[in-house]
Structure formats: C-alpha cells, structure tokens
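Participant:
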Amino acid sequence: MKLSATTAQNSFKYSWLLSRIWPYIKPYWFRILLGFLVAIPLGLLDGVTAFALKPYMDYVVGGKALEFELLGHSFCISSVKMAFILPIGVVLFAAFQGVLRYLNGYLSTWTSQRITNDVKFDLFERLINMHPQFFDENSSGIIISRYMNDPQTASAGIVDQIKTITTSIFGALGLIAVMLYSSWKLAIIGVFVLFIAFLPVALIRKRIKNASNKNMVIGGNITTNINETYAGNKVMAAYELQERQNKYFREQTWSAFNVNMSLYKRSGWMSPIMYIIASLGIATVLGFGTYLINTGEMTAGSFASFVTSLLLLYKPVKTLGNTLTTIQNLFVALGRVFELFDLKAEINDSVNPINLEGVNSCIEFKNVGFEYAPEQPVLKNLNIRIAKNEALAIVGNSGGGKSTLVNLIPRFYDVKTGSITIDGVDIREFSLKSLRQNISMVFQDNFLFSGTIEENIRMGKPNATDEELQKAIEAAHLEDVISELPDGINTMLGERGLTLSGGQRQRVAIARAMLRNAPIVILDEATSALDNQSEAIVQKAMDNLMKDRTVFIIAHRLSTIKNADRIAVINEGELVELGTHDELMNIENGHYKSLYEMQFKKQEVTV
Ligand SMILES: Nc1ncnc2c1ncn2[C@@H]1O[C@H](COP(=O)(O)OP(=O)(O)OP(=O)(O)O)[C@@H](O)[C@H]1O
Ligand SMILES: [Mg+2]
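Per our numbering, residue 3 is the first one in the sequence shown, and the count goes up by one each step.
#1: Regarding Asp447 and ligand 1, is the C-beta to nearest heavy atom distance less than 7 Å?
#2: Need the endpoints of the alpha helix (DSSP H) that Met1 sits in, please.
#3: Check whether the region 397-412 touches the region 311-318, counting contact only when three or more Cβ pairs, one atom from each stretch, lie closer than 8 Å.
#4: Quick one, which of Val180, Ile228, Glu486 has its alpha-carbon nearest Ala52's?
#5: Please confirm whether any heavy atom of ligand 2 lies closer than 7 Å to the CB of Asp526.
#6: Is any non-hydrogen atom of ligand 1 found closer than 7 Å to the C-beta of Thr406, if you look at the structure I gave you?
#7: In chain order, what residues of the same chain have a beta carbon less than 6 Å from the beta carbon of Asn546, not counting five sequence neighbours either side?
#8: In angstroms with no decimal places, state the Cα-to-Cα distance between Lys66 and Gly323.
#9: Compare the C-alpha of Ser433 against each of Thr419, Ile356, Val195 and name the closest.
#10: Could you name the residues of the same chain whose beta carbon sits closer than 8 Å to that of Arg430, not counting the 5 residues immediately before and after it, in chain order?
#11: What's the gap between the Cα of Val609 and the Cα of Ala10?
#12: Give the single residue among Gly575, Ile569, Asn458, Asp152 whose Cα lies nearest to the Cα of Lys595.
#13: In the DSSP assignment, the beta strand (DSSP E) including Asn369 goes from what residue to what residue?
#14: Can you check whether the CB of Leu196 is closer than 8 Å to the CB of Ala189?
#15: Would the beta-carbon of Ile144 be found less than 7 Å away from any heavy atom of ligand 2?
#16: Once DSSP output is grouped into helix, strand and coil, what is the label at Gly289?
#17: Hey, is Ser611 close to ligand 1, as in C-beta under 7 Å from one of its heavy atoms?
#18: Mind checking Lys211: buried by the 16 CB within 10 Å criterion, or exposed?
#19: Does DSSP classify Val609 as helix, strand or coil?
#20: What first and last residue would you give for the alpha helix (DSSP H) that runs through Leu384?
#21: Quick one: does the C-beta of Ile556 sit closer than 7 Å to a heavy atom of ligand 2?
#22: Say the cut is 7 Å; is the CB of Ala453 nearer than that to a heavy atom of ligand 1?
#23: Regarding Gly403 and ligand 1, is the C-beta to nearest heavy atom distance less than 7 Å?
#24: Quick one: does the C-beta of Val444 sit closer than 7 Å to a heavy atom of ligand 1?
#25: Counting pairs of beta carbons, one from the region 458-468 and one from the region 481-490, are three or more of them closer than 8 Å?
#26: Alpha helix (DSSP H) containing Glu253: first to last residue?
#27: Considering only DSSP beta bridges, list what Ile441 is partnered with.
#28: Could you spell out where the alpha helix (DSSP H) holding Val339 opens and where it closes?
#29: Is the beta carbon of Thr8 less than 8 Å from the beta carbon of Glu341?
#30: Specify whether the region 18-37 and the region 155-173 touch according to this definition: at least 3 beta carbon pairs, one from each stretch, less than 8 Å apart.
#31: Ignoring anything shorter than 4 residues or poking outside the region 3-64, list the alpha helix (DSSP H) runs there in chain order.
#32: Give the C-beta separation of Arg551 and Val523 to the nearest angstrom, bearing in mind that I take them to be a contact with Cβ-Cβ under 8 Å.
#33: Whole angstroms are fine: how far does the CA of Lys208 sit from the CA of Gly26?
#34: Below 8 Å on the Cβ atoms is my guess for Thr493 versus Thr454; work out the distance and round it to an integer in Å.
#35: How many Å lie between Lys122 and Phe445 at the Cα?
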C-alpha cells in the first residue's frame with residue numbers, strides 16, 4: 003500500500019470519522035466538558051462590554067439618574083456614580099474573562115495533547131509491526147507525514163476546534179442577545195446578513211481536501227530529501243550532488259507554494275465577499291438605525307450598544323467561517339489517520355500459533371516461489387532440505403536472490419508459492435515471535451542503533467548476564483576494539499556517538515547474534531573485502547557463531563564456503579547446484595566451478 007497515493011476517501015463522512023475518534027476522546031470527556039462549560043461564559047462575556055454602553059450613553063452622557071426597586075427598597079444611582087461604576091465593572095469583567103480564558107486554554111491544550119498522544123501511541127504500535135514490504139514501498143518522509151503530522155493536525159485540532167466553536171457560538175449568541183434587546187428589528191437584519199456571508203464555505207471543501215493531500219505528499223518528499231541528504235552526505239559530496247538535492251528541495255518547496263496559492267486563488271475570494279456582504283448589512287443597519295432614533299423608537303444608548311455588538315459580532319462569525327475551513331482540513335487529516343488504522347500488517351500470526359522450540363530434524367524449502375512485484379519472479383521453484391546443525395553456504399550471482407531466500411525464513415516476506423517447514427511444520431503456523439526468537443541474524447549491512455555498544459549487543463538477549471555478555475564479546479573478537487574506545491563498552495554509537503568501521507560493525511552484529519544463542523543462524527556476509535588479518539578475525543568470530551547450529555550463510559569468501567557442509571548455488575532465482583565443494587568442482591562447466599575460477603581461486607592463493 004503506497005501511502006503517498008492517498009485519497010482520504012472518508013474525509014467527508016463526518017459522523018463515521020467522529021465515531022472512530024470518539025474512543026480517544028471518551029477518556030477525557032469530563033475535562034472537555036469542563037472546558038466547554040468554561041467556554042460558554044467566556045463567549046457570552048463579549049456581549050457585556052457592548053451591553054455596558056447603553057447605560058453609559060443613556061445615564062452618564064445623558065446626565066440621568068438610574069432609579070430602580072429591589073427587594074422592596076428603591077435605589078437611585080446618580081449619573082456621576084454611574085460614570086465610575088461602569089468602567090470599573092468593565093475592567094472587572096475583563097479580568098474575570100481573562101481567568102476563564104486561561105482555564106479554558108489550559109484544559110483544551112491538556113486534552114488535545116493527551117488525545118494526540120494516545121492516537122500517536124496506537125499508530126506507532128501499528129507502524130512497528132508493519133511488514134518490511136510496507137517500508138520498502140513508503141519513503142521515510144511520507145511515513146513521518148502520515149504517522150506524526152496527521153495525528154497532530156487531526157486530534158489536536160478537534161479539541162481546539164470544539165473550544166473555538168463553543169466560544170464563538172456563545173460569543174455570537176451573547177452579542178445577538180444584546181442586539182435583540184437593543185432593537186429586534188435591527189437585529190434581524192444584521193444577523194441575517196452576517197450569516198449569509200459565510201455560506202460559500204461549503205463549496206470549497208473538495209478543494210481543501212485535494213490541497214491537503216498534496217501538501218501531505220510534498221511535506222513527506224521534503225522530509226525524505228532531508229533524510230537522504232543526511233544519510234547520503236558523503237555520496238553527495240563525492241559526486242557533487244548538492245545541486246541535485248538543492249534542485250529537488252526547491253522544486254518541492256515551490257510546488258507546496260503553488261498548491262497553497264492555487265487553493266487561495268480558488269477560495270480566497272470568499273473572505274472579501276464576506277466582508278462586502280457584511281458591510282452592506284452594517285450600512286443598512288446604520289441607515290435604518292438613524293431612522294429609528296429620529297422617530298424616537300430607539301435611544302442613542304441602545305443604538306450605540308447595538309452597533310458595538312454588531313461590530314463585535316463580526317469576530318466570532320469570521321472565526322466560525324475560518325473554523326469551517328480548518329475543520330475541513332482536520333477531517334481530511336483524520337480521514338488519512340483512520341486509513342492507517344485500517345492497514346493490516348501482511349505478515350501475521352496464524353489463528354492458533356504454535357510455539358517454535360528449536361529445530362529437531364530439518365528445515366525444508368518445498369517448491370518455494372517468491373516475487374516482490376507481480377510477474378517478476380525472484381525465486382523459482384526452490385527445493386532444499388537442511389539437516390539440523392548443518393551449515394549451508396549459499397553462493398551465486400549478485401541480485402540472484404540469496405538475501406531474499408534467507409529473508410523468507412524469519413518471514414520478513416512470505417513465500418508466494420510452496421512452503422518452508424521446520425520439522426515438517428509450515429513456518430506460518432508458528433508464532434512470529436517464537437520463530438524469530440529461534441533465529442540469530444547477521445545482515446549484509448549491519449545497522450546499529452544510537453546507544454552504547456553494550457546496548458547494541460544486549461539487544462540479542464536483554465536479560466543476559468554479564469558473563470554471557472563477556473563470552474559473546476570474546477567469541478566475536480571484539481575485546482580489542484572495545485578496549486581502544488574512549489568509554490569502552492559504554493561508548494556511544496550512532497547519531498550521538500562515534501561510528502565503527504564496516505568490519506567492526508559486523509562483529510558487533512555477530513556478538514549480538516551470539517548472545518541470542520538461537521538454534522538457527524542466518525549470516526549474510528558483507529561483500530566488502532577485508533584485509534587478511536581482519537578476515538581471519540571475522541572468520542573466527544563467524545566460526546564461533548556457527549558451532550552446533552543450523553546455519554544459512556551467504557558467502558562471498560572462499561574461507562567461509564569451505565567451512566560449510568554443503569554449498570547451494572543460486573543463479574537468477576533458481577537452485578542450480580547443491581553439494582560439497584569437491585562434488586561441485588567435479589561438474590564440468592558447472593556454475594560453481596566457474597564462480598570458483600573467477601572469484602574464489604585467487605583468494606586461495608592469498609589465504
Ligand atoms: N525489497 C525489495 N523490493 C523489491 N525488489 C527487491 C527487494 N530486494 C531485492 N529485490 C530484487 O530481488 C532480486 C534479488 O535480490 P537479492 O537481494 O535477494 O539478491 P542477492 O543474491 O542477495 O544479491 P547480492 O549478492 O548482491 O547481495 C534483485 O533483482 C533485487 O533487485
Ligand atoms: Mg544480498
């Protein structure tokens with residue numbers, strides 16, 4: 003499944019998406035509700051300031067005293083007193099609003115981050131269990147876009163938008179109430195016009211979706227470009243690829259620019275149109291308001307309150323308008339997130355997996371066929387039987403399928419036809435975990451994680467004793483390497499620390515495999531040539547690893563081949579010869595013989 007070819011099909015199925023995100027929101031519903039409750043007065047308070055203008059105009063500016071009855075007493079507030087009370091009241095309200103705003107912001111940030119975390123935790127768990135082909139097909143940048151950025155946009159957005167929408171809606175309601183109180187006739191005109199103003203938002207959701215999908219892919223491409231610039235920095239320097247990288251970066255950045263500009267060109271007219279319609283509304287209201295004052299139907303204070311409310315109303319309404327765009331973006335991201343949740347890892351445990359406990363008699367490849375891409379067979383009808391504790395060397399042309407063959411054993415890929423069995427049981431019957439625990443693997447290019455050497459070796463068996471660790475280090479002939487490092491076994495490797503040479507890395511990988519102490523060993527020998535002394539050391543390390551185990555070793559060196567019990571020659575995906583060195587040398591015009599003449603013979607002279 004190629005993640006860059008996404009369509010976010012479900013992004014307009016709002017209720018479906020909400021039902022999927024609901025389980026993530028549910029644990030925090032109380033705090034969200036609390037934030038929601040706080041948002042109501044927060045929104046309503048906007049109206050208070052506008053409301054205060056009426057008494058201010060009518061009593062303070064008009065010089066009237068306010069008289070009213072409360073609980074049987076009559077009160078009289080002079081206009082001078084009013085002139086003090088009202089401004090202080092406004093400030094107090096603002097302070098109250100400030101406290102609520104902080105509370106609301108705190109609650110919504112907390113809940114949105116928690117929901118985002120939960121979504122990311124679940125997504126990452128799926129990511130780490132995806133099958134290798136998934137990683138072959140999708141670039142690192144796209145994976146970061148999809149697994150990290152989308153959930154951030156989507157789940158953090160939801161709570162933020164709930165907050166914005168409630169504050170805006172109640173803000174608008176409060177202001178509308180003040181307007182109705184001031185003059186219901188004017189209010190109807192004002193509200194009607196304002197709401198017409200943002201109807202067109204619904205028209206552009208498809209454009210928003212397309213732009214969002216394109217931006218996701220471009221963002222991913224840019225991240226991949228940066229990752230490759232980082233990982234390939236030496237190749238880049240050696241072949242002067244800076245310009246190539248630069249060009250690609252610029253192209254992608256420009257296409258992001260173009261996507262956003264074209265979205266703006268097609269949707270940007272909305273905002274000015276909204277302004278124009280709104281200003282028409284305001285103009286009508288002003289004219290009609292003057293008429294109402296002149297006819298004595300409305301006081302100047304009510305009119306001031308009204309106009310202020312109308313102007314203040316513009317903000318929440320505009321926010322709601324923008325929110326609709328943001329929400330559409332958010333639903334598109336949410337649509338992409340739940341697409342990921344529905345991806346199934348293709349390599350899985352069977353229904354009732356068996357626990358694999360070592361090899362008793364043999365491992366067998368029966369009519370095994372495999373292809374990465376349809377119609378391009380990489381392995382063709384392969385049959386081999388390896389007895390327990392036998393060491394099988396695999397040789398053959400480059401690209402012939404040797405690494406592929408051994409990758410089928412731990413089920414990085416599943417056979418397309420035929421089967422692989424251990425003691426007669428199809429490996430697909432075993433639990434993935436137990437199958438892989440029975441295999442020690444040393445890869446062609448060994449990857450070390452950032453961390454200390456010790457951590458890297460202990461990955462083979464996290465609960466190993468210090469004694470076991472020491473034995474593995476000795477068997478991998480690593481003591482000399484380690485003793486020369488600044489912090490010995492605690493030296494940091496990788497991103498934050500130093501890097502080891504190819505041969506040293508291979509021995510760390512061998513130590514890791516030694517520590518695992520699994521009955522099946524798979525070694526994909528590095529193709530790079532080592533000098534005689536290092537070769538002898540690595541050879542000894544490998545011998546130690548292979549002792550009393552069932553071994554598949556992809557060999558590029560004569561010394562390794564000669565150590566094996568039998569040799570399988572793989573040519574263009576087919577098993578063409580199988581036997582001991584002497585047997586294969588006796589085949590006239592045989593593949594092995596010619597490989598020997600071309601590659602291995604000269605090694606014999608030097609070893
Ligand atoms: N992850 C992959 N996705 C698609 N095709 C692949 C993948 N890995 C290998 N191939 C293709 O499968 C074929 C066999 O590759 P494989 O790595 O098994 O060869 P090999 O015998 O190990 O070669 P070498 O000796 O150079 O390591 C090659 O044509 C290669 O291009
Ligand atoms: Mg290979």
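Ideal Cβ placement from N, Cα and C applies to all residues, glycine included. Since the structure is predicted, the reported quantities are computational estimates derived from the model, not experimental observations.
Facilitator: This is what the structure gives:
#1: In the sequence shown, counting from the first residue as 1, residue 447 sits at position 445. Asp447: no, Cβ never under 7 Å from ligand 1.
#2: Since the first and last residues shown for the chain are 3 and 609, residue 1 lies out of range.
#3: no
#4: The residue labelled residue 52 in the question sits at position 50 within the sequence shown. Ala52 has its Cα closest to that of Val180, out of Val180, Ile228, Glu486.
#5: One-based indexing of the sequence shown puts residue 526 at position 524. Yes, Cβ of Asp526 sits closer than 7 Å to a heavy atom of ligand 2.
#6: For this step, residue 406 is matched to residue 404 along the sequence shown. Yes - ligand 1 has a heavy atom lying nearer than 7 Å to the Cβ of Thr406.
#7: Taking the first residue of the sequence shown as position 1, residue 546 is located at position 544. Same-chain partners within the cutoff: Ala477.
#8: Numbered from its first residue, the sequence shown carries residue 66 at position 64. Numbered from its first residue, the sequence shown carries residue 323 at position 321. C-alpha separation (whole angstroms): 42 Å.
#9: Stepping through the sequence shown from its first residue, residue 433 is reached at position 431. When each option's Cα is compared against that of Ser433, the closest is Ile356.
#10: Counting from one through the sequence shown, the residue named residue 430 turns up at place 428. Same-chain partners within the cutoff: Ser352, Arg413, Asp416, Ser421.
#11: The sequence position of residue 609 within the sequence shown is 607, counting from 1. The sequence position of residue 10 within the sequence shown is 8, counting from 1. In this predicted model, Val609 has a pLDDT of only 49, less than 50, meaning its place in the structure is not dependable enough to derive any value.
#12: Sequence index remark: in the sequence shown, residue 595 carries index 593 (1-based). Nearest of Gly575, Ile569, Asn458, Asp152 to Lys595, Cα basis: Ile569.
#13: Indexing the sequence shown from 1 puts residue 369 at position 367. First-last of the beta strand (DSSP E) with Asn369: 364-373.
#14: If you number the sequence shown from 1, residue 189 lands on position 187. If you number the sequence shown from 1, residue 196 lands on position 194. It is not a contact, given that the beta carbons lie outside the stated cut-off.
#15: If you number the sequence shown from 1, residue 144 lands on position 142. For ligand 2, not one heavy atom lies less than 7 Å from the Cβ of Ile144.
#16: The count along the sequence shown starts at 1 and reaches residue 289 at position 287. Helix.
#17: It is not possible to answer for residue 611, since the shown part of the chain is limited to 3 through 609.
#18: As a position in the sequence shown, residue 211 is number 209, starting the count at 1. Buried, since its Cβ has 16 or more Cβ neighbours within 10 Å.
#19: Indexing the sequence shown from 1 puts residue 609 at position 607. Since pLDDT at Val609 reaches only 49, below the 50 mark, its modelled position is unreliable, and the value read off the structure follows with that caveat. Coil.
#20: Here residue 384 refers to the residue found at position 382 when the sequence shown is read from its first residue. No alpha helix (DSSP H) contains Leu384, which is instead part of the beta strand (DSSP E) from 379-389.
#21: Translated into the one-based positions of the sequence shown, residue 556 becomes position 554. Checking every heavy atom of ligand 2 against the Cβ of Ile556, one is found closer than 7 Å.
#22: The count along the sequence shown starts at 1 and reaches residue 453 at position 451. Here residue 453 is Gly; the residue named in the question, Ala, does not match the sequence. Checking every heavy atom of ligand 1 against the Cβ of Gly453, none is found closer than 7 Å.
#23: Taking the sequence shown and counting its residues from 1, one reaches residue 403 at position 401. Within the cutoff, so yes.
#24: For the purposes of this step, residue 444 is taken as the residue at position 442 of the sequence shown. Flag unset: Cβ of Val444 not near ligand 1.
#25: no
#26: As a position in the sequence shown, residue 253 is number 251, starting the count at 1. That run of the alpha helix (DSSP H) goes 244-269.
#27: The count along the sequence shown starts at 1 and reaches residue 441 at position 439. Paired residues: Ile522.
#28: Against the sequence shown, residue 339 aligns to sequence position 337. Start and end: 302-343.
#29: Within the sequence shown, numbered from 1, the residue matching residue 8 stands at position 6. Within the sequence shown, numbered from 1, the residue matching residue 341 stands at position 339. Cβ distance < 8 Å, so Thr8 and Glu341 count as in contact.
#30: yes
#31: 16-27, 31-57
#32: Residue numbering aside, residue 551 sits at position 549 when the sequence shown is read from its first letter. Residue numbering aside, residue 523 sits at position 521 when the sequence shown is read from its first letter. Confirmed, about 5 Å.
#33: Here residue 26 refers to the residue found at position 24 of the sequence shown. Here residue 208 refers to the residue found at position 206 of the sequence shown. It is worth fixing the name first, because residue 26 is Tyr in this sequence and not Gly. Taking the straight line joining both Cα atoms gives about 27 Å.
#34: Position 491 of the sequence shown, counting from 1, holds the residue named residue 493. Position 452 of the sequence shown, counting from 1, holds the residue named residue 454. At roughly 6 Å, the Cβ-Cβ gap stays under 8 Å, so Thr493 and Thr454 are in contact.
#35: Here residue 122 corresponds to residue number 120 of the sequence shown, with the count starting at 1. Here residue 445 corresponds to residue number 443 of the sequence shown, with the count starting at 1. Lys122 and Phe445: Cα-Cα distance of roughly 30 Å.
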